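Residue numbers for the sequence shown follow our numbering, beginning at 56 and rising by one.
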Amino acid sequence: MLSVLPPVFRKIQELVLRSCARHLLRFCAVLLFYEILLWILRLLPSCLTQQKWLQNLKFTISLLVQYQYANYTNPKYKDNGKGMLKLQLIKQRSDFSFVLFSGGLSNPKLVAVSNTITFANPNSPVYLRLAQGKMWNEMTVTWTSGYGINEAEPFVEWCPQGGEQRQSPAGTLTFDRNSMCVMAQFLIVGDGSQPPDMAIEDHGQRWLPVARCGGRRKSLVIVAGDAPARTVRWRDPGFIHTSFLKELWSNSVYTYRLGHRLFNGTYIWSLHYQFRASSYPGQNSPQRVVIFGDMGKDEADGSNEYNNFQHGSLNTTKQLIRDLENIDIVFHIGDICYANGYLSQWDQFIAQIEPIASTVPFMVASNHERDWSGTSSFYGNMDSGGECGVLAETMFYVPANTRYVSHQLCRYTYRLGHRLFNGTYIWSPHYQFRASPYPGQNSPQRVVIFGDMGKDEADGSNEYNNFQHGSLNTTKQLIRDLENIDIVFHIGDICYANGYLSQWDQFTAQIEPIASTVPYMVASGNHERDWPGTGSFYGNMDSGGECGVLAETMFFTSCMVHTDTVEFWYTVSDLQS
């Protein structure tokens, strides 16, 4: 049911729409009245906030999703006042309302607002996007939901056709307004009677007549301002989850569905989907590849939206859906959805391609989605509307070196076992560890770094190199504080064994309560490596002839610099802070 605005809203409507709609709406199609008001408030806080009637204003600021003319199905609507519109609503993690305007685009007047329309579960997982992983036998599954890491644990349940079900955890990413580009310079010119000579819509510059305040009227040139993506076009993106399905069998068909385990024990499930794994490299299995760019999106119900020129995109997606049986992978090489900072349009785009992207890998490469002046983008213009590539990079998984694989932040229980050749099993006690966070996930890591610790005998007995008594205090303190530690770096001079190999067992026994719970990373190549004529750094005999063999063998070390960066991407920022 539509309801007429109360008098206070009508008064705001008349002031704001009369003063700014003629120019503002020319560039932004028709915006909800609330969005127009938000823009004016952001630009003229010192002026409008002096109005007494504004002090009592309380309402929720909304953002246009799409619009349609009331005479769309009945050309005689203006004569008989009758018409019917069918609008397609997709889940975007919030409620919807319909707003009725009169006066067309040139002189819009807000008439009425409907009650809210609510989905049964607006947070449930939607809009699947498959992508090929970094390995030929890996598939990634990305989707969107309203559940953050403090509300539910996301995962994918999957299996080969007729095979055993398994579950793979997913990482969770999101972003806020501050992730978008920002600029903030405004210029007030003239008396408002004429626009300035240069008003370049494509580059985000606008001329707006501003409401009278104190009897004077000014023209506003937005030479540079807060990017639309973080202001009038911003919308909460929800949470983007990615899971990695590994060790797939070549050309095999897999069934999968998305799940969220809420912390009250409830499970939220998606529908079931299928995909076919990639073929083995070099295998005689021709792949059918579709490559295109500049597709965009459109509204299936015929309604209008910002950048309303991509009607052919529906033909493209419909054709791909009809031909899915003959497609193995899709490459969308830039100019993805032309959202230009209207974040809600990314949901509309991934909803449009879901029948394709949930069945075959949908690979993207952003182009103008990255452009913004002063950010070193290739073209240097403002085509992204201030997105600066954040949306394209986060909404889709890209198997590039800038995107790293990690696991959901949760605890795992494990034990060690040996199966003897007579069939007997030898088991260790059970241990627990907590997985590392997903790259970019908002989860600060607590890092401990030290060197030169050594070892000591807890019973007070003596040993070779009997001068590291303080090492017991260090290990005891770390054990007491394990709940507040995520990773330990022991950077050289590990146990001072000097060739007494038995002391390595003593050292690893001393640190086991720590190293069995959190990653214990060592850097060999200090005195554990020293021996004359072996190319060691110091060239002395401190290793007792070990030559680094013990340090490299007793601990796993990710020796490549790139690998270290991948595994411990969070340490740099943590150390700086």
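By construction, the Cβ of each residue, glycine as well, lies at the ideal position given by its N, Cα and C atoms. No experiment lies behind these values; they were computed from the predicted model shown.
Best match in the options for proximity to residue i [C-alpha to C-alpha]
{"i": "N370", "options": "Q222, E360 and D353", "result": "D353"}
{"i": "S413", "options": "Y122, L140, L185 and E208", "result": "L185"}
{"i": "E583", "options": "S333, P568, D507 and F347", "result": "D507"}
{"i": "P215", "options": "T171, S169, N306 and N135", "result": "N306"}
{"i": "L605", "options": "A578, D585 and L556", "result": "L556"}
{"i": "W324", "options": "G351, N135 and S179", "result": "S179"}
{"i": "A513", "options": "N520, H524 and V503", "result": "H524"}
{"i": "T321", "options": "Q407, M418, E206 and G351", "result": "E206"}
{"i": "N176", "options": "L119, S157, M190 and Q147", "result": "Q147"}
{"i": "S368", "options": "L379, Q487 and H387", "result": "H387"}
{"i": "P574", "options": "N521, N553, F611 and S439", "result": "F611"}
{"i": "V33", "options": "Q365, W482, N362 and S421", "result": "Since the first residue shown for the chain is 56 and the last is 632, residue 33 is missing from the structure and cannot be characterised."}
{"i": "A284", "options": "S169, N319, S157 and R232", "result": "R232"}
{"i": "P672", "options": "E567, S598, F404 and K531", "result": "Nothing about residue 672 can be reported from this structure: the residues present for the chain run from 56 to 632 only."}
{"i": "K531", "options": "S516, Y361 and P568", "result": "P568"}
{"i": "V168", "options": "K137, Y182, L119 and F210", "result": "L119"}
{"i": "N170", "options": "G588, N362, L155 and V181", "result": "L155"}
In DSSP terms, what residue i is bridged to
{"i": "K164", "result": "S157"}
{"i": "R331", "result": "V308"}
{"i": "I323", "result": "H315"}
{"i": "L237", "result": "Note that residue 237 corresponds to Val in the displayed sequence, not to Leu. In DSSP, V237 forms no bridge with anything."}
{"i": "A186", "result": "T195"}
{"i": "W586", "result": "Answer is none; W586 lacks a bridge partner."}
{"i": "H423", "result": "Answer is none; H423 lacks a bridge partner."}
{"i": "M418", "result": "F386"}
{"i": "V543", "result": "V503 and Y575"}
{"i": "N359", "result": "Y122"}
{"i": "V181", "result": "T199"}
{"i": "F151", "result": "I172"}
Continuous beta strand (DSSP E) stretch holding residue i: start and end
{"i": "Q565", "result": "Element bounds for Q565: not the beta strand (DSSP E) but the alpha helix (DSSP H), S557 to A570."}
{"i": "I534", "result": "First-last for I534: G525 to R535, but that is the alpha helix (DSSP H), not the beta strand (DSSP E)."}
{"i": "L228", "result": "R221 to L228"}
{"i": "V604", "result": "Counting along the chain, V604 falls outside any beta strand (DSSP E), though it belongs to the alpha helix (DSSP H) covering V604 to M609."}
{"i": "S298", "result": "F294 to L300"}
{"i": "Y132", "result": "Run containing Y132: none in the beta strand (DSSP E); it sits in the alpha helix (DSSP H), Y132 to N135."}
{"i": "T468", "result": "R466 to R474"}
{"i": "P484", "result": "Y480 to R489"}
{"i": "V287", "result": "Segment: none, V287 is in no beta strand (DSSP E) and carries neither H nor E."}
{"i": "I346", "result": "V344 to F347"}
Distance between beta carbons of residue j and residue i, contact taken as under 8 Å
{"i": "V308", "j": "R343", "result": "Contact doesn't hold; Cβ gap of about 16 Å is too wide."}
{"i": "M511", "j": "S526", "result": "Looking at the sequence shown, residue 511 is not Met but Asp. Going by Cβ atoms, the distance from D511 to S526 rounds to 5 Å, so yes, they are a contact pair."}
{"i": "T195", "j": "F294", "result": "T195 to F294, Cβ: 16 Å. No contact."}
{"i": "V385", "j": "P336", "result": "The Cβ separation is near 20 Å, so there is no contact."}
{"i": "T297", "j": "T229", "result": "So it is not a contact: roughly 12 Å between Cβ atoms."}
{"i": "C236", "j": "C443", "result": "5 Å"}
{"i": "V345", "j": "I391", "result": "Contact doesn't hold; Cβ gap of about 15 Å is too wide."}
{"i": "T173", "j": "G203", "result": "At roughly 20 Å, the Cβ-Cβ gap does not stay under 8 Å, so T173 and G203 are not in contact."}
{"i": "D548", "j": "Q500", "result": "24 Å between Cβ atoms; not a contact."}
{"i": "G348", "j": "G389", "result": "5 Å"}
{"i": "S598", "j": "G554", "result": "7 Å"}
{"i": "L533", "j": "V503", "result": "7 Å"}
Alpha helix (DSSP H) segment containing residue i, residue limits
{"i": "E212", "result": "No alpha helix (DSSP H) holds E212; the beta strand (DSSP E) holding it covers A207 to P215."}
{"i": "F377", "result": "First, the amino acid is wrong: residue 377 is Arg here, not Phe. Taken as a continuous stretch (DSSP letters only), the alpha helix (DSSP H) holding R377 covers G367 to R377."}
{"i": "S399", "result": "S399 to A412"}
{"i": "V445", "result": "V445 to M450"}
Within-8 Å CB hit, residue i to chain D
{"i": "L313", "result": "You won't find chain D in this structure, because it holds only one protein chain."}
**Request:** Would you be able to state if there are at least three C-beta pairs under 8 Å between the region 375 to 382 and the region 142 to 160?
**Result:** no
**Prompt:** Can you find at least 3 beta carbon pairs, one from the region 590 to 598 and one from the region 560 to 577, that sit closer than 8 Å?
**Reply:** no
**Request:** Evaluate contact between the region 307 to 325 and the region 390 to 403, counting only Cβ atoms and requiring at least three cross-stretch pairs below 8 Å.
**Result:** no
**Asked** For the 8 Å Cβ check, are there 3 or more pairs between the region 159 to 167 and the region 125 to 138?
**Response** The region 159 to 167 makes no contact with the region 125 to 138; the number of CB pairs closer than 8 Å stays below 3.
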